[in-house]
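Residue numbers (the working numbering), protein chains in the order written: chain A, 325 to 441; chain B, 78 to 195.
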């Protein structure tokens, strides 16, 4: 089955710096890769996702890149702000269908990002 | 819209007891999911549903059951609670939006139910 590994487990940056979190996956059939942000004691939030037919996607200060050959994908946050401090989770699924369900998502263990003012 | 709602927020069960975690959404989403999150870990999918009357197992379905009699409701049932089921449970809905030749996804999580089995 799918296995998702996420690195680093903790990341501390200065406000204004960039942060990069990387994930690798094992199932070459995986076709959907979302990223979630979870603040302490809160519910997860879907912040960006990418499908396997796209190499990069950007939404304001966040971007995700996908390398299918190497089976890894990364989250990039630029101009970090203290409110970016949270745990970030990557996930992968081989079950995404157009107009259908996201499938059986397998999650990484998370990266705790701390942005120091 | 209330979004995704879950009840109860907290619950303590004794080993062997049963309970149902309630989940409802008012956005008319077809796709709904139950996840559990153990301390310091990511989410694990328990069960999901692609529409009323259709459910399927996720990564960790043992010890749980679900039903989807309506689009709005997706309850999760624990029949014989065990300490290993101590976790935070999140219900979620998901939809794909296709507009102007582009598609994007929305996912909404409920506030979670913190369950302790002693």
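Ideal Cβ positions, reconstructed from N, Cα and C, are used throughout, including at glycine.
To the nearest angstrom, report how far apart residue 331 of chain A and residue 80 of chain B are at their CA atoms.
-> Their backbone Cα atoms lie some 32 Å apart in a straight line.
So, helix, strand or coil for residue 384 of chain A, using DSSP?
-> DSSP places residue 384 of chain A in coil when its eight states are reduced to three.
Residues that DSSP places opposite residue 128 of chain B in a beta bridge | As a beta-bridge residue in DSSP terms, residue 128 of chain B pairs with B:131.
7 Å Cβ cutoff, residue 332 of chain A in contact with chain B = Closer than 7 Å: no.
Buried versus exposed, by CB contacts within 10 Å (16 or more), residue 175 of chain B = Counting Cβ neighbours within 10 Å, residue 175 of chain B comes out exposed, since fewer than 16 surround it.
Output the boundary residues of the beta strand (DSSP E) element that contains residue 373 of chain A.
-> First-last of the beta strand (DSSP E) with residue 373 of chain A: 369 to 375.
State the start and end residues of the unbroken beta strand (DSSP E) segment that holds residue 401 of chain A.
-> For residue 401 of chain A, the uninterrupted beta strand (DSSP E) run begins and ends at 396 to 401, by DSSP.
Please name the residue in A:436, A:413, A:434, A:438 whose C-alpha comes closest to that of residue 358 of chain A.
-> Comparing Cα-Cα distances from residue 358 of chain A to each of A:436, A:413, A:434, A:438, the minimum goes to A:413.
Which value, in whole angstroms, describes the spacing of the CA atoms of residue 141 of chain B and residue 338 of chain A?
-> Between residue 141 of chain B and residue 338 of chain A, the C-alpha separation is close to 44 Å.
Taking the C-alpha atoms as reference points, what is the distance between residue 136 of chain B and residue 370 of chain A?
-> CA-CA distance, residue 136 of chain B to residue 370 of chain A, rounds to 20 Å.
Going along chain A in order, which residues have a C-beta closer than 9 Å to the C-beta of residue 118 of chain B?
-> Neighbours of residue 118 of chain B on chain A, chain order: 431, 433, 434.
With DSSP collapsed to three states, give me the class of residue 94 of chain B.
-> Residue 94 of chain B: coil per DSSP, three-state reduction.
Compute the Euclidean distance between the alpha carbons of residue 182 of chain B and residue 356 of chain A, then round it to the nearest angstrom.
-> Their Cα atoms are separated by approximately 11 Å.
Which same chain residues, not among the five before or five after residue 401 of chain A, have their C-beta less than 7 Å away from its C-beta?
-> Once the five neighbours on either side are set aside, the close Cβ partners of residue 401 of chain A are 342, 343, 385, 386, 408.
Who are the neighbours of residue 373 of chain A on chain B, taking C-beta pairs under 7 Å?
-> Ordered by position in chain B, the residues that pass the 7 Å Cβ test against residue 373 of chain A are 182.
Residue-level contact to chain A via CB, residue 188 of chain B, 7 Å cutoff | It does: the Cβ of residue 188 of chain B has a partner Cβ on chain A nearer than 7 Å.
What is the rounded straight-line gap between the Cα of residue 416 of chain A and the Cα of residue 123 of chain B?
-> When rounded, the distance between both Cα atoms is 16 Å.
Got a sec: which bits of the stretch 392 to 418 of chain A sit with their beta carbon under 7 Å from any beta carbon on chain B, in order along the chain?
-> Contacts with chain B (Cβ-Cβ distance below 7 Å) from the stretch 392 to 418 of chain A involve 413, listed in chain order.
Listed in chain order, which residues of the stretch 352 to 376 of chain A have Cβ atoms closer than 7 Å to some Cβ of chain B?
-> Cβ contacts with chain B come from 367, 368, 370, 373.
Of the residues that make up the stretch 123 to 139 of chain B, which ones have a beta carbon closer than 8 Å to any beta carbon in chain A?
-> Residues passing the 8 Å Cβ filter: 125, 127, 135, 136.
Excluding the 5 residues preceding and the 5 following residue 138 of chain B in the sequence, name in chain order all residues of the same chain whose CB lies nearer than 8 Å to its CB.
-> Within the same chain, residue 138 of chain B has close Cβ partners 123, 124.
Helix, strand or coil for residue 144 of chain B per DSSP?
-> For residue 144 of chain B, the secondary structure class from DSSP, reduced to helix, strand or coil, is coil.
For residue 428 of chain A, count neighbouring Cβ atoms within 10 angstroms of its own Cβ and tell me buried if that reaches 16, exposed if not.
-> Residue 428 of chain A comes out buried.
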